[in-house]
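Okay, structure first, notes after.
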Ligand code: TMP
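In my numbering, the protein residues as written are 988 to 1212.
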C-alpha cells in the first residue's frame, strides 16, 4: 500500500498539554500522536522544560533537588530561557514546514507554577512569557484537570528517580500543587477558546476520546480555510 503523504497545514499546528503532576499527560500525548500520524500528519513531540540540548541542560538545573536555594524569579527566567531555545530550535522550524507540534507543557505552566504557586503573579508572568515566545502561543491547549492529591497518589513519572521522592518541584507541599491547579483553572476561564479543560479523573480512554473529538473539529476548520 502506498505511503500516505503528510497532510500539510499552512502554518502548522501547535498544541500543548498542561496539568498537575500525575495528570496523565504522557498517555494522552501518545494517543494524540497516534491519531495524527494515522491521519498522515508530521508530528513533533517536545517537552518543557527541555527539547534541544541547551534546554535539556536548563531542565537539569531546574529539577535538581539539590538546588533548594533557587529564587522564584531565577526559576521563572530559567523556564523562559529553556522555552525560548526550544521555540527557536525545534518548534518554529517544524511549524514553518506545516507540521504538528505537541508540547508536554508550555507557557501556561509558568503561569500556573511560577505565577500562581510561587506567587509571582499571573499577569507578570504573562508579560514575560509573551516576550520570551514572541506571542507564539499554541492554537490548542488541553488542560488535564485533576485533584492534586489524586495526582500525587498516581505518582509522577519521574518519581522513580531521585530516591523515589520526585524532582525539585514534585517535592513541594500539597498546598503548592493546589495553587498550581487554581491558577490553571483561572487561566482556562480567561482563554476558553484556546484552553480546553479535560476531566482527568475519568479513565484515560475517555479523556483521549474527548481530546480527539476537539482536535478533529479544529483540523476540519483549519483544512477548510
Ligand atoms: P515534568 O516534565 O516531569 O512535568 O517536569 C517539569 C516540572 O517543571 C513540573 O513539575 C512542572 C514544572 N514547570 C514549571 O514549574 N514551570 C514551567 O514553566 C514548566 C514548563 C514546568
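A virtual CB, placed ideally from N, CA and C, is assigned to each residue, including glycine. Bear in mind that the values here come from a model prediction, so they are computed numbers and not experimental data.
- Taking the C-beta atoms as reference points, residue 1167 is found nearer than 7 Å to residue 1103.
- Of the heavy atoms belonging to the ligand TMP, at least one sits nearer than 6 Å to the Cβ of residue 1100.
- DSSP, reduced to helix, strand and coil, places residue 1156 outside both helices and strands of the structure shown, so it counts as coil.
- The beta-carbon separation of residue 1134 and residue 1012, rounded to 16 Å, does not stay under the 8 Å limit for a contact.
- Sequence-distant Cβ neighbours of residue 1183 in its own chain, meaning closer than 6 Å and more than five residues away, are 1129 and 1201.
- In the pairwise beta carbon analysis, the segment 1155-1163 is classified as not touching the segment 996-1005: fewer than three pairs are separated by under 8 Å.
- Given a length threshold of 4 residues, the segment 1169-1199 has no whole run of the alpha helix (DSSP H) inside it.
- For residue 1064, the enclosing alpha helix (DSSP H) has its first and last residue at 1059-1073.
- Residue environment: residue 1203 is assigned as exposed (fewer than 16 neighbouring CB atoms within 10 Å of its CB, all protein chains considered).
- The alpha-carbon of residue 1206 is positioned some 10 Å away from that of residue 1199.
- Under the three-state reduction of DSSP output, residue 1006 falls in the strand class.
- Taking 3 residues as the minimum length, the beta strand (DSSP E) runs contained wholly in the segment 1082-1118 are 1087-1091, in order along the chain.
- Just so you know, the alpha carbons of residue 1142 and residue 1153 end up roughly 9 Å apart.
- Between the alpha carbons of residue 1177 and residue 1018 lies a distance of about 27 Å.
- In this structure, the ligand TMP has a non-hydrogen atom nearer than 6 Å to the beta-carbon of residue 1096.
- DSSP, reduced to helix, strand and coil, places residue 1124 outside both helices and strands of the structure shown, so it counts as coil.
- Beta-bridge pairing by DSSP links residue 1030 to 1087.
- Below 8 Å, too few C-beta pairs join the segment 1073-1090 and the segment 1044-1054 to call them touching: fewer than three.
- Under the three-state reduction of DSSP output, residue 1205 falls in the helix class.
- Spanning the alpha carbons of residue 1056 and residue 1062 requires a straight line of approximately 10 Å.
- Counting the other CB atoms within 10 Å of its CB gives residue 1095 a total of 16 or more, which places it among the buried residues.
- For residue 1066, the Cβ falls inside the 6 Å cut-off from some heavy atom of the ligand TMP.
- Going by beta carbons, residue 1170 and residue 1099 fall inside the 7 Å limit.
- The C-beta separation of residue 1007 from residue 1138 comes to about 5 Å, placing the pair in contact by the 8 Å criterion.
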